[in-house]
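Per mature numbering (1 follows the signal peptide of the UniProt record, and there is no 0), the sequence shown runs over residues -19 to -1, 1 to 95.
All C-beta atoms in this analysis are idealised placements derived from N, C-alpha and C, irrespective of residue type, glycine included.
One structure below.
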Amino acid sequence: MKRILFVFLSFLSVANLFSQDYPFQDTSLTDDARLENLVSLLTLEEKIDCLSTQPFVPRLGINHPVRIIIEGLHGVALSGPANWARTGKGASPTTTFPQAIGLAQRMPSVRGFK
């Protein structure tokens, strides 16, 4: 009986090693610390996807929302990247940009400043 209990507890402790939590999931940390940790864990591709129509990262436990609605410079995109709510034949590839405010901050000439 002791041997069975030991084996069972050993399996539980090993399984617990694989369920790691990330610091950005710790609500006791400040928002800045959580965001800094999250951004440091994202790959370049994941960061780009978050600007488009895929604001989720399954690798980090950030799950897919029920319905994706991301506002881009051209309006609201309701489906996957480079595809405005159309699938199959007739789908039109497009480019989704970050908000116009972000673009304006990057390019002073857009804001009217010299």
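Bounding residues of the alpha helix (DSSP H) (the contiguous stretch that carries residue i)
i           : result
residue 108 : There is no way to answer for residue 108, as the model of the chain reaches only from -19 to 95.
Leu41       : Segment: none, Leu41 is in no alpha helix (DSSP H) and carries neither H nor E.
Residue i vs residue j beta-carbon contact at 8 angstroms
i     : j     : result
Glu27 : Val38 : yes
Leu32 : Tyr3  : no
Cα-Cα separation, residue i to residue j
i        : j     : result
Thr24    : Leu16 : 14 angstroms
Phe5     : Asn18 : 6 angstroms
Leu10    : Arg40 : 21 angstroms
Pro36    : Ala14 : 20 angstroms
Gly42    : Thr8  : 15 angstroms
Arg(-17) : Asn44 : 40 angstroms
Ile29    : Val20 : 12 angstroms
Local conformation of residue i per DSSP, three classes
i    : result
Pro4 : helix
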